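Counting the sequence shown from 1 gives a position; this note's numbering is that position plus 309. C-beta atoms are modelled at their ideal positions from N, C-alpha and C, and glycine is treated no differently. Because the structure is a prediction, the values reported are computed rather than measured.
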Amino acid sequence: MDRDLQFIQEARNLLHAAHEAYLKFRNFAEEQVERHLARVNDRFGCAEKDQSVLTDLHKINLLSCSGNPSGELMGELVKILEKRDVAPGSSTAVEVRGQKVAVFNVDGTFYAIGDTCTHRAGPLSEGEVSGTTVTCPWHRAQYDLKTGGVLTPPAPESVASYKVVVEGDAVSIEL
Ligand code: FES
C-alpha cells in the first residue's frame, strides 16, 4: 500500500513538472509569435488581421523552439552594412529582403528597427534620436530603439526590432 502511495506521489510530481515546463514553453512560443508578427506587420501592415499568418507563424516558432534548446530564436544573420557607413550619432535606412530597416549608431552601439512609422509611414531613419529614443520626423511619435516599442502617440503600434550583430567591420541583423 505504501509503495502505491509513493508511486502516486511520484506521478503527481512528474505531472506537476511537466505542466510547469509546458507553461514556460507556451509563454516563450507566444513571445516569438509576437516578434514575428511585428516584423510581418512592418512589411505588410495587416498581419494581425490574418489568422492564417498567425497559425503558420505559430507552427514555425514551435519548430524553432524545439530545434533550439537554448531558448533563443536562431534567425539567419544578414550583413546590412559596414560600421563606417553609419557614424556615431547618425542613422540610415537599408532594404533587406523587401523589409525597410532603420539602422542607428548610438555612441558606437547599433540598433535596427522597422523604418516605417505605424502612423502614416514616416521614415524613422530620418528621425531625431535622443538616447535610445527616436522621434518620427512627420508627426513626432516616439519609438524605443532597443525594442521597436512605441512610446508616444500618434503611432498606434510598435515596429519590428532586429537583433544586431557586429563582427569586425560588418554589421548584420538577424532575420
Ligand atoms: S508618420 Fe510617424 S507620427 Fe505620423
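(request) Compare the C-alpha of alanine 411 against each of Pro432, Thr461, Thr427 and name the closest. (result) Nearest in C-alpha terms to alanine 411, of all of Pro432, Thr461, Thr427, is Pro432.
(request) Starting from valine 410, follow its DSSP beta bridges and name the residues at the other end. (result) Note: valine 410 sits in a beta bridge opposite Val403, Gly423.
(message) Which residue wins for smallest C-alpha separation from arginine 344, given the options Glu476, Gly458, Arg312?
(response) Comparing alpha carbon positions, the residue from Glu476, Gly458, Arg312 closest to arginine 344 is Gly458.
(request) Compute the Euclidean distance between the alpha carbons of valine 415 and glutamate 437, then round it to the nearest angstrom. (result) Rounded to the nearest angstrom, the two C-alpha atoms are 12 Å apart.
(request) Let me know the secondary structure DSSP gives lysine 472 once reduced to three states. (result) Reduced to three states, the DSSP call for lysine 472 is coil.
(message) Check whether the region 391–401 and the region 464–473 are in contact - that is, three or more C-beta pairs closer than 8 Å.
(response) These segments do not touch.
(request) Tell me, please, which residues DSSP counts as bridged to alanine 450. (result) Looking at the DSSP assignment, alanine 450 forms no beta bridge with any residue, so it has no partner.
(message) Using a Cβ-based criterion (distance less than 7 Å to any ligand heavy atom), does glycine 431 qualify as near the ligand FES?
(response) Checking every heavy atom of the ligand FES against the Cβ of glycine 431, one is found closer than 7 Å.
(message) Within a Cβ cutoff of 6 Å, which residues of the same chain sit near alanine 464, ignoring the five residues on either side of it in sequence?
(response) Correct list, in chain order: Cys426, Thr427, His428, Ala450.
(request) Please report how far the alpha carbon of glycine 477 lies from the alpha carbon of leucine 323, in whole angstroms. (result) Using only the alpha carbons, I get a separation of about 48 Å.
(message) So alanine 402 and valine 473 are supposed to be a Cβ contact under 8 Å. How far apart are they, rounded?
(response) That pair is no contact at about 15 Å.
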